[in-house]
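Residue numbers (the working numbering), protein chains in the order written: chain A, 895 to 1067; chain B, 15 to 495; chain C, 255 to 512.
The beta-carbon is built from N, C-alpha and C at its ideal position, and this holds for glycine as well.
Small disclaimer: the values here were computed from a predicted structure and weren't measured.
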Amino acid sequence: MSEATLLAVFEDLDPAASAIEKLHEMGVGDENINVISGVPVAHKILGRPHPWTNVSKLSMGGAIAGFAFGIFLNFGTPHLYGVHVGGQYITPIPPGAIVTFEMTMLFALLATFLGVFLDSYFPNYRPLEYVGEVSDGKIAVFFRISEADAKKFTDAMNTLGAESVKPAEARQL
Amino acid sequence: MTATSKYLSGAKEAHDSHHQEEDPKQYLMYDPKPRGEMNAMVMESMHTTSWKFWVVLGVLAFLVVTCFFFAWGYMIDEGLYVGGVMRPSYWGIFLVNTVFWIGISHAGTFISAILRVFKAEFRRPFTRAAELMTTFGLIQAGASIFMHMGRVWLSYWMLPIPNARQLWPNFHSPLMWDLLAITTYVLGSTMYLFLPLIPDLAMARDRSTGWRKTFYKILALGFRGTEGEWRHLTVAMNFFAFAIIPVMFSVHTIVSWDFAMAMRPGWSSSVFGPYFVLGALHSGMGAVAMVLFVMRATMKHMDYFIRKEHFDALGKLMLMVTFAYTYFFFNDYIVQWYGGDKATDTLLHWLEEGPMAWMFIQFVFFNIVIPPLLLWSKKVRETPWLLALIGLMINVGMYWERYLIIPVMLTINRMPFTWKLFQPRIEIFLTIGTFSMFLLFYMIVSRLIPLIPVWEVQEGQMTHSLRKVGKAKLPTISEFE
Amino acid sequence: MTVDLNLVGAKGAIAEAAAGKWGMTIDQDICTGCQACVAACAMENNIAFVGEEDAGYGRTQHWIRIERFWDGEYPHVQATPFQPMLCQQCGHAPCEPVCPVFATPHSPAEDLNLQVYNRCVGTRYCANNCPYQVRSFNWRDYHTVPELGNMVNGALIFPLHNQLNPDVTVRRRGVMEKCTFCIQRIHKAQDKAKSEGREVEDGEFTTACAQACPASAITFGRVDHPESLVSQLAHQERGVKHLEELNTLPRVTYLKEG
């Protein structure tokens, strides 16, 4: 039993949502459905499961790493070099607060940015399933079904108002 | 009819015309166009260049080569004596430029981060234009800081990298805090510029050919718009929006502490932190108004995206910031004036009556007196060229303010034998160089990346609708997140 | 319970121990304003001549300067005592914590404020923070300014280079400098005393400015030894410290209004 991936393009949110509902009815599981769109669409609008992300965990991890680094940098490293200036303690607290704060924020922001790259597998220059209409605001639903049912699904999508239904091919973006 | 009732009925007509139904379609969010059409408009504005564009670009490039690179190289080779710095104004225009450019850069973060956090929908079309100001402003600030150093080729000694010299940078120094804060801010705001840019780069990739397509393809990282990609992106952008606000406040506060930590009369003021932050917002907002006006005037289709409503909102922000800035300015000066020690007292009187009094008066008028007199009026706020002019005036005033704080206030210190007035020399050319470079970068980038975040505009338009309540159709905003 | 402020480390410590090690007194009532100290310091410490224009614009390199003021309005003008101003080698020096690269640390051995020429990157924050404005910056390679050299047989020579003191670094452009209390002389005397197995005696050596003063207005020595001349002079009733309210703990005591 060979598989096919079909890609249906819809112009608006409502037809796309009903299409996904129909796919559920016709027995396609959520893990076999993917939606690409030109604007972020909340998962509940389309009836999709809650999307996961590790970005927030990475942000927190980055913040903690940054905090530790800041503490080390300001309260640790000067003791290795032992230079006295201006009658101040060698590791005073007020400048320490500033250094620690900046390092916390820096690492948190870098970790968040890195998180996007890691979670989305950026940069991804391999051929991918995509249609240009998506960046024109259309919503593309692609789903994996067995080859035999292709016609059935195509008709269902067309009835619900799809602009086009065709096999999804991976192409160089 | 008696004269009184005639007068009253006339007044009623005038009053009624005031309350005519305003057409919601004048607002961008209620005037949606198909995304494909908006994409095409943005792409066209990127591709269209007139001969005037190239002439201005050429002039700016020439100025950058001569006034920035050549002049700076000459200064590195000869020494700082070609500038105007001396005892007692050891810091001159270079620090003024640094503070000025960091100030300009804060507006970008304010608009893209703070307005995002407060869900102010009017920010949607111009967040990227503002954020670009941040990135390019910070580049100029960094350049100015390096310019002021005596041995700039050894500036890497400020980096905390273990070395064979058994030496380490000094974290007691506000300049080190500057280094850490500005690095954090530059990296943070560049990343915050890039994240919302990815979907627009994907759009540009889909609609380009040739070298542009390769350029966008590489930068778009293979973004398609899958649910996962959007989720990661929006979570990251929300985190950035919240996180970069304290960074923004801390950066200019730390820059102000370069001055506040020093024991100079006029400088050693505990209110410098918020005073400088508000000053930064003040000049930055004015700069945004100028940039938006130029965008609308010189780029195709920008008048669809940037409308009267945006200038109106910007004008209201400028008014609020003027009030806040006036509060901190007054706080700073009245406290010093009231019970100041002899040196501070002499300094303040010298500012009012000395050779730089004209600058002080202009600064007070441009920043504090004139903006509220004009910005209260909706008509003024909705006129782009007028708001841009007010922005220019505020920026001139803010430049004077920093000029007064740095070289002028350094003149009056506790050792009267050293008092001498700063005279700018090569710094004038270098300042022209930084302004030219800022404009040059902006002009080049305006034709390389989409200046309008079209996906955010469409997202906004999708969430705005007109809902029938009773007899009226009321503007309504839904929450899509 | 008495609190030893020195141990607490508070910056407001004003105890005897904060008096320092090497110190100086300058008697403003005797100073004639002859500028011999300025000339001697320049010779001893390889200070460059900057030329008339730059000197007028506030770029003199002098580590000590004679400040002259007047009292009253013309024609009833009165001269005031001359004020030699030099680096006060502050105990709580405001110039020290602000240098980003530790180019001006405090010396634990000599209790002096050091200036490390080859570490300075030229941010000039120290100069801005010095309330006495005694720091000078090398705005240019003044030692090799073409206009101040002699063209001899097609080559530019600088005769003044012949009088440079080999014990002192010649600073290049971009570097901060200031009075060091002739630390090269301090070290020379300490080395000599150490090789002879003894301590440095009071009056065995002195700074260039003190040596040159014809009126003996400048006295230099160990302020932590109560029997030294400088210590006794510093504790006179006429002794004041300039800008004392800033808590910089200067090591230079000025004697005036006797």
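About 11 Å separates the beta carbon of cysteine 344 of chain C from that of threonine 358 of chain C, a gap too long to meet the 8 Å contact definition. Neighbours of leucine 917 of chain A in chain B, taken as residues whose beta carbon is under 9 Å from its own, are absent, since the nearest beta carbon is some 15 Å off. The beta carbons of asparagine 419 of chain C and glutamate 298 of chain C sit closer together than 7 Å.
Residue pairing of glycine 151 of chain B in beta bridges, as defined by DSSP: absent, with no partner found.
The beta-bridge partner set that DSSP reports for isoleucine 472 of chain C consists of C/Ile280. Contact between glycine 93 of chain B and leucine 1067 of chain A is absent: CB atoms are separated by about 53 Å, not below the 8 Å threshold.
Close partners of methionine 277 of chain B in chain A (Cβ separation under 8 Å) are lacking, with about 11 Å as the shortest Cβ gap. Comparing alpha carbon positions, the residue from A/Leu1012, A/Pro988, A/Asp1043 closest to lysine 951 of chain A is A/Leu1012. A direct Cα-Cα distance of roughly 11 Å separates serine 390 of chain C from asparagine 382 of chain C. Among the residues facing chain B, tyrosine 328 of chain C is not included, as its CB has no counterpart in that chain under 7 Å away.
Going by DSSP, glutamate 915 of chain A is part of no beta strand (DSSP E) but of the alpha helix (DSSP H) stretching over 907-919. With contacts defined by Cβ atoms closer than 7 Å, valine 903 of chain A and glutamate 473 of chain B do not form a contacting pair. Cβ contact annotation for isoleucine 382 of chain B (same chain, cutoff 6 Å, sequence separation greater than five): Thr340, in chain order.
Contact between the region 197-215 of chain B and the region 456-464 of chain B is present: 3 or more CB-CB pairs across the two stretches fall below 8 Å. At least one CB atom of chain C sits nearer than 7 Å to the CB of glycine 980 of chain A. Residues of the same chain with a CB within less than 7 Å of the CB of histidine 918 of chain A, apart from the 5 flanking positions on each side, do not exist. Under the Cβ distance rule, glutamine 475 of chain B does not count among the residues neighbouring chain A, no pair being separated by less than 7 Å.
DSSP, reduced to helix, strand and coil, places serine 450 of chain B within a helical segment of the structure shown. Leaving aside the five residues that flank alanine 327 of chain B on each side, the residues in its chain whose CB is nearer than 7 Å to its CB run, in chain order, Phe136. Within its own chain, no residue has a Cβ closer than 8 Å to the Cβ of glycine 87 of chain B once the five positions on either side in sequence are excluded. Rounded to the nearest whole angstrom, the C-alpha separation of serine 449 of chain C and alanine 443 of chain C is 10 Å. At least one CB atom of chain C sits nearer than 7 Å to the CB of valine 977 of chain A. Histidine 315 of chain B: not part of any beta strand (DSSP E); DSSP gives it neither H nor E. For phenylalanine 391 of chain C, the beta-bridge partners assigned by DSSP are C/Met430. Per DSSP, the continuous beta strand (DSSP E) segment holding leucine 900 of chain A begins and ends at 897-904. Boundaries of the beta strand (DSSP E) around lysine 482 of chain B: 478-483. Taking 7 Å as the cut-off, the beta carbon of threonine 477 of chain B is found no closer than this to the beta carbon of serine 460 of chain B.
Chain-order list of chain B residues neighbouring proline 1017 of chain A: Leu235, Gly236, by C-beta distance under 7 Å. Not a single C-beta of chain C is nearer than 7 Å to the C-beta of asparagine 252 of chain B.
With respect to leucine 389 of chain B, leucine 333 of chain B sits close: the two C-beta atoms are nearer than 7 Å. With respect to the 7 Å criterion, histidine 346 of chain C and glycine 990 of chain A are not classified as neighbours on the basis of their beta carbons. The three-state reading of DSSP puts asparagine 1018 of chain A in coil, since its state is none of H, G, I, E or B. Nearest C-alpha to valine 292 of chain C among C/Trp324, C/Ile437, C/Gly277, C/Gln337: C/Gln337.
Within the model, the alpha-carbon separation for tryptophan 244 of chain B versus arginine 238 of chain B is close to 9 Å. For serine 1058 of chain A, no chain B residue has a C-beta closer than 9 Å to its own C-beta; the minimum C-beta separation is roughly 15 Å. By alpha-carbon distance to leucine 1000 of chain A, the top candidate from B/Asp346, B/Ile440, B/Ala257, B/Thr62 is B/Ala257.
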